[in-house]
Each structure stands twice: as structure tokens, then as C-alpha cells.
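Student: The sequence shown runs 111 to 196 under our numbering.
Let me give you the structure first, and then I'll get to my questions.
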Amino acid sequence: IKSVREGQVNLKDGFARVENGELWLYNVHISPYEKGSYYNKEPLRPRKLLVHKSEIRKLLAKTREKGLTLVPLKIYIKQGRWAKCD
Numbered sequence: 111i112k113s114v115r116e117g118q119v120n121l122k123d124g125f126a127r128v129e130n131g132e133l134w135l136y137n138v139h140i141s142p143y144e145k146g147s148y149y150n151k152e153p154l155r156p157r158k159l160l161v162h163k164s165e166i167r168k169l170l171a172k173t174r175e176k177g178l179t180l181v182p183l184k185i186y187i188k189q190g191r192w193a194k195c196d
């Protein structure tokens, strides 16, 4: 979250995919927090997105019927604790 607050996010090659009823974000580079410890996570690791099941069903139906891809356009902080992805 701290790296997202500092704008250390690269969405250039990012995409999302539904796997096993969960929405995952791939190829989004979130830089390690500079002041963090040695427990920093991998910058390009897949990230699970918290989404209601009904919304996942809608997104899955849209991507299957038209062959569309889910692409993140922006990531921002909402109410100080949650990072939102549009």
C-alpha cells in the first residue's frame, strides 16, 4: 500500500484474469517500499483482487462472449486503507 501511495506502480503490461472464481491481477509492477524490511514481496507477483462474486460473474461473461481482456487503467487509494483498481 505504501508503494501505491507513493505512485510506484507500473500498469503498462497489466491484465486481470478470473481463475477458480477469483480475480487475479498479473504483470503489474509495484515497487518494493524503500523503507521496508527485507520481507518485501516480489514486485511482479500476481495479486488477488477483492471483488463480489456477482461482479466476477459479470466480468467473466463479458470476457467470454466478446473475447475481451480485463486491463487495469488506474490504481488509487480510497479512504486511506484500500487500493482500488479501475
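Yeah, the Cβ is synthetic: ideal placement off N, Cα and C, and Gly gets one too.
Nothing here was measured: the structure is a model prediction, and the numbers come from that model.
Find out if the Cβ-Cβ distance for the pair R167, V138 is shorter than 8 Å.
Tutor: Locating residue 167 in the sequence shown gives position 57, counting from the first residue. Locating residue 138 in the sequence shown gives position 28, counting from the first residue. No, the pair does not count as a contact, with Cβ atoms beyond the cut-off.
Student: Which residues does DSSP pair with H162 in a beta bridge?
Tutor: Along the sequence shown, read from residue 1 onward, the residue named residue 162 stands at position 52. The partner list for H162 (beta bridge, DSSP) is empty, contrary to what the question assumes.
Student: Could you have a look at E152 and say whether DSSP puts it in helix, strand or coil?
Tutor: On the sequence shown, position 42 is the one that residue 152 refers to. Of the three classes helix, strand and coil, the one that applies to E152 here is coil, per DSSP.
Student: Three-state secondary structure (DSSP) at E132?
Tutor: For this step, residue 132 is matched to residue 22 along the sequence shown. If DSSP states are grouped into helix, strand and coil, E132 belongs with the strands.
Student: Would you tell me roughly how many angstroms separate the C-alpha atoms of L169 and D123, rounded to the nearest one?
Tutor: For this step, residue 169 is matched to residue 59 along the sequence shown. For this step, residue 123 is matched to residue 13 along the sequence shown. So the alpha carbons of these two residues sit roughly 19 Å apart.
Student: Closest to F125 by CA distance: which of K163, L154, E165 and K188 is it?
Tutor: Taking the sequence shown and counting its residues from 1, the one referred to as residue 125 is at position 15. Ranking the options by Cα distance to F125, first place goes to L154.
Student: Distance, Cα to Cα, K172 vs T179?
Tutor: What you label residue 172 is simply residue 62 of the sequence shown in a count that begins at 1. What you label residue 179 is simply residue 69 of the sequence shown in a count that begins at 1. Looking at the two C-alpha atoms, the distance is approximately 9 Å.
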